[in-house]
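>
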Amino acid sequence: MHHINVPPSQRPLGIAVLEQAAQSEWSGIRVEWVPSIDSTNTELMRRASQGDMQACVLMAQEQTAGRGRMGKPWHMHAEQALALSIGVPLNPRDWSGLSLVVGLAVVSALTQWARQTGAAAPSPAERLGLKWPNDVWLMAPDGQGRKMAGILIETAGRTLPAASTGAGSFSSAATSSSRYAVIGMGVNLRPQALEGTSVPPANVQEWAGAPVEEQTLLALLVPSVLSAVRQFEHEGFAAYQQAFAAWDLLAGRPVALSDGRVGDGLGVDVQGELLVAIDGQVVSVTSGEVSVRPAVGGYRGV
């Protein structure tokens, strides 16, 4: 199988330490780093299509064709953001809610990093949390949010049932087929100006009020995600529903769906589907149907 080989002398310091931390959660997983690539997700999916489904963490200093949900491009400036993908074989009974679980692992790692590094207390003006189904945001009280990190999950392997429902665009039907899950993550570390955006994206340095050292954050982020994914495989999203509620930025807020409907966020159900009150009825929204954004307005309570 084709792997990208970078001489050890050209790899960032700390890769061996990161691999050891990753292997404490997932035996045999390897860690690879490249200076530039089209997309870490695309590369792991390419390998999977050729039969290489070994557990792997693939990181890149630069992505030239990064992708987000629904095929949207994800732009990053070298050294201003983390770009990585984790590929692991998984066999959960139900795939629904996986992207929400990964999001929880990301915010857990961020808050743990902030505590361990003695970062200044984040500004109360913006709340760190999760915007269903796959983003980490900083949100102001009026509902204006800025993206700090995004998650893209793709799978390769045996064919899943045709229906695609549930948060994370996975089938909610039970399946015994093991598949290769590629979990892509992009995390804005430092301020960066992106073309076509009127408001700069949020970043870890701004949120924490402290400089960011990539290897320290990665040593928490990668094991956190691997541990959460392993638990998800055995217990599903139900084990995380209550934890997600504590970070849910849409619950109790007016939300606007991309199909034109507007309602109030009511949290998520046991499968990770978004619950929205629309015209007196509670509607379940799956990530494969529409995209969701907070409507401008204050917190309404749940």
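At position 69 of the sequence shown (counting the first as 1) the number is 69 in UniProt numbering, and the numbers step up by one without a gap.
Note that CB positions come from ideal geometry on N, CA and C, so glycine has one too.
Could you give the distance in angstroms between the alpha-carbon of residue 239 and the alpha-carbon of residue 233?
One-based indexing of the sequence shown puts residue 239 at position 239. One-based indexing of the sequence shown puts residue 233 at position 233. Roughly 11 Å separates the two Cα atoms.
> Can the beta-carbon of residue 31 be found closer than 7 Å to that of residue 15?
Mapped onto the sequence shown, residue 31 falls at position 31. Mapped onto the sequence shown, residue 15 falls at position 15. For residue 31 and residue 15, yes; Cβs fall inside 7 Å.
> Just mark residue 145 as buried or exposed, buried being the case when its beta carbon has 16 or more other beta carbons within 10 Å.
Stepping through the sequence shown from its first residue, residue 145 is reached at position 145. By the 10 Å Cβ count, residue 145 comes out buried.
> Please go through the same chain and pick out, in chain order, the residues whose beta-carbon is closer than 8 Å to the beta-carbon of residue 18, but skip the five residues on each side of it.
Start at 1 with the first residue of the sequence shown, and residue 18 comes out as number 18. So the list reads 31, 57, 215, 218, 219 and 222, once near-sequence residues are dropped.
> Rounded to whole angstroms, what is the Cα-Cα separation between residue 302 and residue 267?
The residue labelled residue 302 in the question sits at position 302 within the sequence shown. The residue labelled residue 267 in the question sits at position 267 within the sequence shown. Below a pLDDT of 50, predicted positions are generally treated as unreliable, and residue 302, at 36, falls in that range; the measurement from the model is reported next regardless. If you take the alpha carbons of residue 302 and residue 267, they lie about 8 Å apart.
> Under 7 Å, do residue 53 and residue 154 count as touching if we go by C-beta distance?
Translated into the one-based positions of the sequence shown, residue 53 becomes position 53. Translated into the one-based positions of the sequence shown, residue 154 becomes position 154. Against a cut-off of 7 Å, the Cβ pair of residue 154 and residue 53 comes out as no contact.
> Can you give the Cα-Cα distance for residue 175 and residue 191, rounded to whole angstroms?
In the sequence shown, residue 175 corresponds to position 175, counting from 1. In the sequence shown, residue 191 corresponds to position 191, counting from 1. For residue 175, the predicted model reports a pLDDT of 42, less than 50, meaning its position is unreliable; a value from the coordinates is still stated below. Using only the alpha carbons, I get a separation of about 42 Å.
> Using beta-carbon positions only, say whether residue 276 and residue 265 come within less than 7 Å of one another.
Translated into the one-based positions of the sequence shown, residue 276 becomes position 276. Translated into the one-based positions of the sequence shown, residue 265 becomes position 265. Yes, these two residues count as a Cβ contact at 7 Å.
> Using three-state DSSP, classify residue 286 as helix, strand or coil.
Counted from its first residue, the sequence shown places residue 286 at position 286. Residue state, collapsed to three classes: coil.
> Roughly how many whole angstroms lie between the Cα atoms of residue 47 and residue 37?
Residue numbering aside, residue 47 sits at position 47 when the sequence shown is read from its first letter. Residue numbering aside, residue 37 sits at position 37 when the sequence shown is read from its first letter. Straight-line Cα distance between these residues: approximately 14 Å.
> How is residue 82 classed by DSSP in three states: helix, strand or coil?
Working through the sequence shown from its first residue, we reach residue 82 at position 82. Residue state, collapsed to three classes: strand.
> Could you have a look at residue 64 and say whether DSSP puts it in helix, strand or coil?
Start at 1 with the first residue of the sequence shown, and residue 64 comes out as number 64. Reduced to three states, the DSSP call for residue 64 is coil.
> To the nearest angstrom, how far is it from the Cα of residue 93 to the Cα of residue 229?
As a working note, residue 93 is residue 93 in the sequence shown. As a working note, residue 229 is residue 229 in the sequence shown. So the alpha carbons of these two residues sit roughly 13 Å apart.
> Do residue 42 and residue 84 have their C-beta atoms closer together than 7 Å?
In the sequence shown, counting from the first residue as 1, residue 42 sits at position 42. In the sequence shown, counting from the first residue as 1, residue 84 sits at position 84. Cβ atoms of residue 42 and residue 84: not closer than 7 Å.
> Since residue 15 is in the alpha helix (DSSP H), which residue starts that stretch and which ends it?
Residue 15 sits at position 15 when you count from the first residue of the sequence shown. Residue 15 -> alpha helix (DSSP H) spans 15 to 23.
> DSSP has residue 304 in a bridge; who is on the other side?
As displayed, the chain neither begins before 1 nor continues past 302, which places residue 304 out of reach and without an answer.
> From residue 201 to residue 180, what distance separates their C-alpha atoms?
Reading the sequence shown from its first residue, position 201 is the one you call residue 201. Reading the sequence shown from its first residue, position 180 is the one you call residue 180. If you take the alpha carbons of residue 201 and residue 180, they lie about 31 Å apart.
> Note down, in chain order, each residue of its chain lying with its Cβ closer than 6 Å to the Cβ of residue 60, except the 5 sequence neighbours on either side.
The residue you call residue 60 lines up with position 60 of the sequence shown. Hits under 6 Å: 34, 37, 40 and 83.
> For residue 250 and residue 211, which I take to be in contact (beta-carbon distance under 8 Å), what is that distance rounded to the nearest angstrom?
As a working note, residue 250 is residue 250 in the sequence shown. As a working note, residue 211 is residue 211 in the sequence shown. Actually they do not touch by this definition, with Cβ atoms about 31 Å apart.
> Can residue 151 and residue 102 be called in contact, C-beta distance under 7 Å?
The sequence position of residue 151 within the sequence shown is 151, counting from 1. The sequence position of residue 102 within the sequence shown is 102, counting from 1. Closer than 7 Å, so yes.
> Label residue 64 either buried or exposed according to how many other C-beta atoms from any shown protein chain fall within 10 Å of its C-beta, with 16 as the threshold for buried.
Here residue 64 is taken as the residue at index 64 of the sequence shown, counted from 1. Residue 64 is exposed by the Cβ-count criterion.
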